[in-house]
Amino acid sequence: MPRRSFLKAAGVTGIGGTVVALASGNIAAAADGTTSDGTAVAAADTAGNHGGQSSPLPYPTLKRPFAMPGVKEQDWTGALFVGTGEARFAVRVVLLTKANTVIREKMTNNLWRIGPMAPDGSFKQVHISSDDRSVMPAHLEALKEVIAHPDQWSAAEVADATAKLPVIQAKYDLAQQQKRDLVVRYARTGDGSSVVATVTALADDTTVFLEVGTPWGATAGETASFALDGNGVIGSAPGLVDTSATGHLRLTPTEPPVSAACYASVTDLTKAMTGGTGAAGDATAALRYELAKGESITFAAAISDHGTPKVAPPEPHQAERRLAAAQAAIRDTNLTGSGPVGQAADAVRDALSLNTNYDRTYHCNYVLWGWGGGGGLFTGWDSSFDCIDAALVSQTLATQHESDVFDQPAPPNQVDLVGPRYDQENSGPMHAYAVWRLYTKFGDRTVLEKAYPHLVAFNDLMPEWDADGDGLLEAPYFGDRVGGRGNHLGLDDLPVYADYQRIAKVGGSGDKRDNTNLTDVPLNSYYALLAETLAKMATVLGEAADARRFTVQYATIKQRLNDRLWHAGKGLYLSRYLDGSWNEVVTPTVFYPLFAGIATPERARTMMAHLLDPEMFWGDYVVPSIARNDPAYCSGGPVHPQSEHFKFFDRYGEGSAPEQWKGAIWPPMNATVYDGVKRYGFDDIAGMFATRSTSMYLDSWTNDGWFPESFDPEPGQSIMGPAVDSAWRTYSWSNAMPVQGLHELLSDNPWDGDPSALMFGSLTLPGTNTLSNVQLRGHRYDVSAGPHRTTLARDGKVVFRATGARVAVRNFLLGDTGAAFDLNADGITQIEVHPEHGRPRTTKAPKGRSQIRL
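Listed below in C-alpha cells is the structure:
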C-alpha cells in the first residue's frame with residue numbers, strides 16, 4: 000500500500016494530534032493562567048502587550064506583575080520585578096571583595112558554578128566568587144612545563160617563563176587567600192510575583208549587601224523611590240507603559256542587617272559600600288551583612304500593583320523547604336537526562352536558563368548570545384542557534400526569542416530589513432531554518448507567519464552578491480581588516496577568504512560592500528537552504544506561487560553548485576574563483592552542502608571518508624576549523640609532541656596555540672556538519688560526531704563551569720584565552736554542541752517527509768542515555784536508548800519499544816490504531832508499537848534499514 004494511503008487507512012494524522020494556534024487576540028491558557036510548560040501568560044491589557052501596543056501577543060508571555068530571578072543581563076545574583084504598567088525593580092546580591100571592590104553586575108568572570116535552574120525562573124542557583132580566574136592552575140602548569148623541558152624551548156622562552164612564574168604564582172596565591180564565595184538561591188512563590196531566597200557564605204569574613212533599585216536606571220527612563228521599613232526596604236515606581244499605574248515592592252529579610260541606608264544614586268551606594276561617603280537619597284537602598292562560613296541570609300521580596308505588599312520575614316526552615324521543593328521540581332517538569340550524553344540535558348537547561356534575559360523594549364524574554372552580556376537581543380546568526388537549542392528547553396522561551404528577532408529594527412547603516420542582520424548572509428537562512436524548526440517541533444504557525452515576509456525580502460536581496468550573473472553568489476568584500484574578511488558568514492578570519500579580490504558592485508540594495516571574485520561554498524549552501532526553507536514555509540502558508548518560485552530557485556542553486564563547485568579530484572566541495580581556479584583551503588565548510596541537501600548520495604559518501612580521516616578532521620575532538628593537515632592548523636605556536644601537559648602552547652599570556660580560525664572548534668560549524676550528516680542518513684557517523692561534540696562541551700562544563708564560544712581541538716589543552724575571557728565564558732551558542740547528542744536521542748524532522756514526524760534513537764551513542772520532558776507537538780516525550788533497548792513514551796505512556804539491538808528511527812508517525820516509521824538497526828530487533836487505541840502491534844525487523852508499517 001502506498002505510504003500516504005496506508006497512513007490514511009491506519010488513522011495516522013501526525014504525531015502531534017490537534018494543535019491550537021495561538022492567534023492574535025486568542026492567547027490559549029489553562030485555567031490557572033499558565034501555558035503547558037508552566038509559564039504564566041499575559042493579561043489581555045496593555046501590560047501584556049508587545050512594545051505597549053494595543054493587541055495581545057500571539058504567543059505566551061509573562062503574566063504581570065511578575066518576579067523572575069536573574070533575567071537582567073549578567074545580574075545573575077539578582078531578581079527582576081515587573082508590574083502591570085511596566086514598573087520595574089531589581090533586587091541584587093552584592094559581594095564586597097577583600098580588595099574592597101564590589102561584584103554586583105557584569106559578573107561573568109566571577110561565575111564559578113550555575114544550576115540547577117528552571118527556564119521559567121521558578122528556581123535559580125548560582126555560585127559566585129571574588130576569584131575571577133584570570134590566573135588558573137593551567138597557566139602555572141604551562142610555565143612549569145617550559146621550565147622543566149628547556150630542550151624544547153628557546154633560551155629566551157625559558158628565561159621568560161622563569162621570570163614570570165613567581166609573579167603569576169604570587170597573583171594566584173593572593174586570589175586564593177582573599178577568595179570569598181557565595182551561593183545564591185531563588186524560588187518564585189505564590190502567583191509568580193514574589194520570591195524567597197537564601198545567600199550562603201562559603202568563607203569566614205564575607206561582606207554581602209542586599210541592594211534594591213531599578214534594573215536599568217535613568218537611561219531606560221526608570222524612576223523609583225525607596226525607604227527603609229524596619230529591617231527591610233519598600234519602594235514604588237510609576238509604570239513606563241501605563242504611567243497611571245504604580246508598582247510597589249517590599250523586601251523583608253529574616254536576619255537584621257549590620258547597617259542599612261538609602262542613597263541618591265548607584266554611584267553613591269557604591270561609594271558607601273567601599274567605605275566612602277555616599278549622598279543620602281531615595282534612588283536605591285542597601286542592607287549590609289557580615290557572614291561567617293556557612294552562615295546564610297534569608298529574605299523574601301514581592302511586587303504588587305495595589306499598594307505595598309505584605310511580606311513577612313520567612314522562617315529559615317520554611318524558606319529551605321520551599322527552595323528544596325522548587326529545586327526538586329526542576330527535573331520533574333523540565334528537560335533532564337542521564338547517561339554519557341543524556342546528562343548534558345541538565346547542563347543545556349541550566350545554561351540557557353542562565354542566559355534568559357528580559358527585553359525591556361519589547362517586554363518578553365530572549366536568550367542572551369554572548370559578549371559577556373549587554374546590548375539587547377542580537378539578530379545575527381548566533382540567535383538562530385539559540386532558538387533551536389532553547390526549543391528543547393522551553394517552547395515559550397524559544398518562541399518569544401525568535402519572535403523578538405523579527406520585532407527588532409534594522410541595525411544602523413544597514414539595509415532596512417526587520418529581523419536578521421543583512422551584513423551576515425548566513426543570518427537570514429539560519430533564522431529561516433530556526434523558524435521552520437519551531438514549526439516542526441510545535442506545529443505553531445505564529446512565528447512562521449511573522450517571519451515569512453521578512454525572510455522573503457532577505458532572499459530577494461541576495462542576488463546582489465552574484466558578481467557574474469550565473470546564479471551562484473560570491474563572497475562580499477569586507478576589506479583586509481582582522482575579524483572581517485569572512486564576516487558575511489560569521490567566519491571572520493577563516494583562511495578561505497585570505498586571497499579573495501575586490502570587484503566593484505553595480506546596483507544592488509544600497510549595501511555599500513563590494514563583491515569579490517570568490518564563489519563561496521558555504522554562502523551558496525546557505526542560499527540554497529533559504530530557498531528550500533521558504534518553499535516549505537510557503538506551502539504551509541498556502542502561498543502556492545511562492546512555493547513554486549522557491550522550489551525552482553532551490554533546484555537551480557543545487558544544480559549549479561554541483562556543476563561548478565565539486566572538485567572531483569579531491570572529492571570535496573571547494574570554493575572557486577571566477578577565473579576557474581580553485582581555492583583549495585579545506586575547512587568544515589566543505590560539508591555545508593550536506594546541510595542544504597545539495598550533495599548527491601554518492602558524493603555524500605565520498606565526503607564521509609574525509610570527515611572520518613584523522614589526518615583531516617576526525618579525532619577525539621571534532622571538528623577543527625581547518626583541516627589538521629593544513630600548515631595553518633594550530634599555527635599560533637610551536638608543537639611539542641613530547642610535552643606532558645600542553646601539545647600546543649607557546650607561553651603564558653598567549654593562550655594555547657590554536658588561533659580562532661586555525662583549528663579552534665566552533666559550535667555552529669559542528670552543528671551544521673552534524674545536521675548534514677544526519678540529514679543524509681549516516682546514523683552511525685552522526686552518533687559518533689554528536690558524542691564527541693557533547694564530550695567537549697561537558698569537559699568544559701564539568702571542569703570549569705563554562706560554556707565557551709569555541710574549543711581547543713586537542714583534548715587536555717587549556718581552553719583558549721580568547722574563548723573564555725570576560726566576554727566568552729557563557730556564550731549561548733555553545734549549547735549547539737551537546738544539543739547534537741540530545742537530538743540524536745529525540746528530535747523533530749526538519750528535512751524531508753512529514754514535518755510532524757519524529758526522529759529518535761541512536762546507533763552509536765555510548766552506553767544507555769535518557770532524555771525526559773521534551774515538548775513536541777502538544778505532547779511530552781521521554782526516551783531511553785541503549786545497546787539492547789530503545790523506548791519512547793508520550794505523556795507518560797510507552798508508545799514504542801525496540802529490544803535486541805540499537806535502533807535509529809525516522810519519520811515516526813503514530814496514529815489512533817497504527818504507526819509508520821523508517822528503522823535503522825544494528826541487529827535483529829523486536830518492535831512493539833502501542834497506538835492511542837487498539838491492541839499493541841509487534842513485528843521483528845532485520846539488521847539494517849527497513850520501512851515499518853504496523
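The opening residue of the sequence shown carries number 0 in numbering that gives the first Met the number 0; numbering runs sequentially from there. Beta carbons are placed, not taken as given, at the ideal position from N, Cα and C, and that holds for glycine.
With distances taken from CA atoms, which of the options is nearest residue i?
i	options	result
tyrosine 696	Ala685, Tyr438, Pro712 and Asp683	Pro712
proline 462	Glu140, Thr276 and Asn514	Asn514
aspartate 619	Val808, Ser692, Leu248 and Pro592	Ser692
phenylalanine 441	Pro419, Gly341, Leu610 and Leu396	Leu396
leucine 517	Arg559, Leu571 and Gly579	Gly579
leucine 142	Ser642, Val340 and Thr690	Ser642
arginine 559	Tyr576, Asn523 and Leu528	Asn523
threonine 532	Ile502, Ala431 and Trp732	Ala431
tryptophan 727	Arg627, Asn354 and Leu577	Asn354
arginine 91	Ala66, His316 and Ala474	Ala66
threonine 307	Ile556, Ser224, Ser574 and Met135	Ser224
valine 240	Pro419, Glu542, Gly506 and Arg359	Arg359
glycine 338	Leu764, Gly847, Asp403 and Arg852	Leu764
serine 634	Glu614, Asp612 and Ala663	Ala663
aspartate 180	Lys646, Ala291, Leu822 and Asp190	Ala291
glycine 680	Pro600, Pro845 and Trp617	Pro600
phenylalanine 820	Ile827, Gln829 and Ala807	Ala807
Tell me the rounded alpha-carbon separation between residue i and residue j.
i	j	result
glutamate 708	tryptophan 665	7 Å
alanine 202	asparagine 486	46 Å
aspartate 825	glycine 803	9 Å
phenylalanine 377	glutamine 413	14 Å
arginine 602	valine 198	58 Å
lysine 511	aspartate 422	10 Å
glutamate 156	valine 434	52 Å
proline 149	arginine 132	28 Å
threonine 690	lysine 843	29 Å
alanine 631	threonine 605	24 Å
serine 761	aspartate 682	7 Å
leucine 907	alanine 466	The chain is shown only over 0 to 853; residue 907 falls outside these bounds and no answer can be derived.
leucine 598	alanine 527	Reading the sequence as shown, one finds alanine at residue 598 and not leucine. Roughly 12 Å between the two C-alpha positions.
alanine 390	asparagine 333	12 Å
aspartate 381	histidine 316	43 Å
By Cβ distance, which residues of its chain are closer than 7 Å to residue i, with the 5 residues on each side in sequence left out?
i	result
glutamate 244	Strictly speaking, residue 244 in this sequence is alanine, with glutamate absent from that position. Around alanine 244: Gly82, Thr83, Gly84, Ala86, Gly238 and Asp304.
arginine 184	Gln124, Ala196, Thr197 and Leu322
aspartate 385	Val366, Trp368, His400, Ser731 and Trp732
arginine 112	His126 and Gly704
Run through DSSP, which three-state label would residue i get?
i	result
phenylalanine 681	coil
aspartate 345	helix
alanine 41	Reliability of the predicted coordinates at alanine 41 is poor, the pLDDT of 32 falling under 50, and no value is obtained from them.
proline 252	strand
serine 709	coil
asparagine 333	coil
tyrosine 365	strand
glutamine 423	coil
alanine 397	helix
isoleucine 597	coil
leucine 95	strand
histidine 316	helix
serine 295	strand
asparagine 261	Note that residue 261 is cysteine in the sequence shown here, rather than asparagine. Of the three classes helix, strand and coil, the one that applies to cysteine 261 here is strand, per DSSP.
Excluding five sequence neighbours on each side, which residues of the same chain lie with their C-beta closer than 6 Å to the C-beta of residue i?
i	result
leucine 227	Ala259
glycine 341	Asn768, Thr769 and Leu770
glutamate 254	Ile296
alanine 450	Phe405 and Val434
Under 8 Å between C-beta atoms, does residue i make it to chain B?
i	result
aspartate 465	The displayed structure is made up of one protein chain only, and chain B is not part of it.
Note down, in chain order, each residue of its chain lying with its Cβ closer than 8 Å to the Cβ of residue i, except the 5 sequence neighbours on either side.
i	result
threonine 671	Pro587, Phe590, Tyr591 and Phe594
arginine 563	Asp469, Leu471, Thr518 and Arg575
alanine 20	Per-residue confidence for alanine 20 stands at a pLDDT of 24, beneath the threshold of 50, marking its modelled position as unreliable; no derived number is given.
Problem set entry | the region 337-354 / the region 103-121 touching (three or more Cβ pairs under 8 Å) | yes
Exercise. Are the region 451-471 and the region 778-790 touching by the rule of at least three beta carbon pairs closer than 8 Å?
Worked result: no
Problem set entry | Given 8 Å, three or more beta-carbon pairs between the region 796-812 and the region 748-761 | yes
For this session: Inspect the CB distances between the region 241-255 and the region 325-339 and report whether three or more fall short of 8 Å.
Result: no
For this session: Decide yes or no for the touch test of the region 541-555 against the region 492-508: beta carbon pairs closer than 8 Å, at least 3 of them.
Result: no
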